[in-house]
Amino acid sequence: MALTHRPHGLLLDFGGVVFETQKRPTGLRDVARHVREMLLRGGYDLSEDELARELEAGRTGLKHWKHSSSRRPYPTEIDAREVVGEFLFSRLPEGPRRLLIAEATELLATISMTMSDHIVRPGIPELLEFCKANEIPLGIVSNAHAGLAHRRILAEHGLDSYFGVQVYSDEVGIRKPHPGMIALAADALHVDVDKCWYVGDTQDRDVAAGRAAGVAGLILTRSKHTDNPPFYVRETPDAVFDDPRGLLDALINATEQMDPYSSQQPPASSPQVRVESASLPTGVPAGASSQSDPASSHQTSGSLTTNVFGSRAALLIDHGGVISTSTPNPEAVNEVAEDIASRIPLLPGDVVTASEVCEAIDSARAVHKKLKTAWNEAFLAGSRTDIPEQQPTEFWATVNEFLGVVNAAWFRAEAHDLTVRFARAKTSRTLRPGIPELFETCRENGMAIIVVSNTISGRTVRSECERHGLTIDAFVCSDEIGVRKPSAPIFEEALAIASADPKNSWFLGDKPVNDAAGARRAGIANRALIRGGSTPDNVLDNALSDGTATLVVDTPQQLSSAIIHSLAKEDHVHNV
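Start counting the sequence shown at 254; every next residue gets the next number (our numbering).
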């Protein structure tokens, strides 16, 4: 019955199905040039040739890792920081390597969109329109080290609105042939996996995953990988088409047949796959480490295991309340809520309004705020040293619970994209006067500039700084490193990126505990707090009195003067 009856859902791989990728002849060099420019801004001069060789070697190693993972029945995905730091640029000197690790998510997206052209395959526009007209839910299920790039490419081609869910391995923490990715997409669309068709282009990943998930129809659209698996694969597809036009013909023929399930009440789930998926909210099989575990994330992402610093001076600086000030933007948040309410695949009879989404987001934020307060209290009491950062999947799972468990699978799959949209909308930001002049002072004196920030979305912080025309060497963001200030590792990571000496470096923040106390724990000698943020002046003054902070300033210009004075003092000592 595999392809003889209309599916209740159609799940498509990205590369080899929706898009054909063609390597650009200059792609490797273009990426190497981009990486060189990144490193030069951070004070590291590596040749384009050296970077191209490292990237090529790293891509080869990563390819072997992918093939090895395809042999495992339930492989987990490695995160962007590990891809960059342990594969692509693993042999670079420590400072440059850590700088690239810090920028891993955006760097991988750039690599994906620079190395290859993405061409919509023949038949795809017609296929998507047919599914839309016939109310067949569509989902993307793709192994990706840069799901961000895939989302951008779909949007650029005007195809993103056709898909009810997009499931990418780097965002959900598992990779095909793990059947949980296909099951998650089916759950998100409120269809049963054993009534779905799944379409891929590889035997070792797609065919193996589809069979393990128990899909009704398993199809390959032929690409350069289809007939050359890296090893023997025992599972076989139901059909192989040269391109998606054959898939469309099969779908049209199947749609004309009677639906064998039409008189049946769909079961709630397919137990052989979804029991595991439901019991592990991060999608990691039993016995494996969760990506949301801060200790695991800190170790695998190339974070410090020993304090390896240089002699350079650096300015480490907070973002919110320091680089920029913010005002709430409820209208923009409501627009995001309306978009979420309109996009969530719902069961018949279910209704979710924008106001309900807003209330659920507010409630989830209140829960997180209580957690942050408790963590900081434990830090001050000495009972906790490293504080974990809440991951997007955890936050949106809480939102889903406050909505009444509407669609947990959809929120999990879309969590990273939703987080970026919400982070951009929640506040309107204004650049604090004097910040460009402060950065200019640092540049003139050879100081690195690293943003160290507790973030909902590091990607949003980067885009805000870019919008303000600021040049930053690197960003160390809590949602990416897995720990939040006042944990010492987040400060130590910034110092290592800059090859900076904590005794000669400065930290500028606006919170005594998160910023000054955390910087003090990391050994940073100069700890400045700035007025005008979220902390009352008297609390800042108390932090100065008890030694948590070493300076309180009213403006960035005052910090510029203090840095110049400090550097002049250091020069005098060395000259004597």
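Every residue, glycine too, gets a C-beta built ideally from N, C-alpha and C.
Between Val337 and Leu315, the CB-CB gap reaches or exceeds 8 Å. Judged by pairs of C-beta atoms under 8 Å, the region 358 to 375 touches the region 258 to 274, as three or more such pairs exist. Look at Asn779 here: in three-state DSSP terms it is strand. In the three-state DSSP reduction, His287 falls in the helix class (H, G or I). Counting C-beta pairs closer than 8 Å gives fewer than three between the region 436 to 454 and the region 329 to 347, which falls short of the contact rule. The beta carbon of Val288 lies closer than 6 Å to those of Leu304 in the same chain, with the five residues before and after it left out. In this model, Asp332 and Arg428 are separated by some 11 Å (Cα to Cα). Residue burial is scored here from C-beta neighbours: Tyr415 has at least 16 other C-beta atoms within 10 angstroms and is therefore classed as buried. Sequence-distant partners of Lys764 (beyond 5 residues in either direction) whose C-beta falls short of 6 Å from its own C-beta, in its chain, are Thr788.
Using a Cβ-Cβ distance cut-off of 8 Å, the region 577 to 590 and the region 659 to 670 are not in contact, since fewer than three pairs of beta carbons, one from each stretch, lie closer than that value. Distance between Glu654 and Ala617, taken at the CA atoms: about 9 Å. If you draw a 10 Å sphere on the C-beta of Phe484, you find fewer than 16 other C-beta atoms in it, and that means exposed. The DSSP assignment places 759 to 762 and 779 to 783 as complete runs of the beta strand (DSSP E) inside the region 741 to 786, in order along the chain (cut-off: 3 residues).
Where Arg682 is concerned, the enclosing beta strand (DSSP E) starts and stops at Thr680 to Leu684. The way I'd put it, the region 397 to 406 doesn't touch the region 642 to 653; fewer than three beta-carbon pairs between them come closer than 8 Å.
Nearest neighbour of Val418 by Cα position, chosen from Asp670, Arg294 and Thr279, turns out to be Asp670. For Thr801, the three-state secondary structure derived from DSSP is coil. A straight-line Cα-Cα distance of about 28 Å links Arg637 and Glu356. Ser321 sits in a helix when the DSSP states are folded into three classes. Scanning its chain for C-beta atoms nearer than 8 Å, with the 5 sequence neighbours on each side dropped, one finds around Arg277 the residues Asp283, Thr367, Met368, Ser369 and Asp370, in chain order. Residue pairing by DSSP places Glu273 opposite Ile372 in a beta bridge.
The Cβ atoms of Asp726 and Arg294 sit closer than 8 Å to each other. Take the alpha-carbon of Arg344 and the one of Ala462: they are about 34 Å apart.
With distances taken between CA atoms, Asn582 lies nearest to Ala678 out of Pro689, Val610, Lys822 and Ala678. Beyond the five residues adjoining it in sequence on each side, Leu656 comes within less than 8 Å, by CB distance, of Val605, Glu609, Val610 and Ala613 in the same chain, given in chain order.
Under the three-pair Cβ rule at 8 Å, the region 680 to 698 does not count as touching the region 730 to 737. Straight-line spacing of the CA atoms in Thr479 and Glu330 works out to 22 Å. According to the DSSP assignment, Val729 belongs to the beta strand (DSSP E) that extends over Ala727 to Cys730.
In this structure, Pro490 lies away from Leu504, with their beta-carbon atoms at least 8 Å apart.
Here Ala469 is near Lys448, since their CB atoms are less than 8 Å apart. Burial check for His572: the Cβ neighbour count within 10 Å reaches 16 or more, so the residue is buried.
For Ser595, the three-state secondary structure derived from DSSP is helix. Assigned with DSSP and collapsed to three states, Tyr451 falls in strand. In this structure Glu379 is exposed. Its beta-carbon is surrounded by fewer than 16 other beta-carbon atoms within 10 angstroms. Annotated three-state conformation of Gln811 is helix, per DSSP. Shortest Cα-Cα distance from Thr680 to any of Val766, Glu584 and Val704 involves Glu584.
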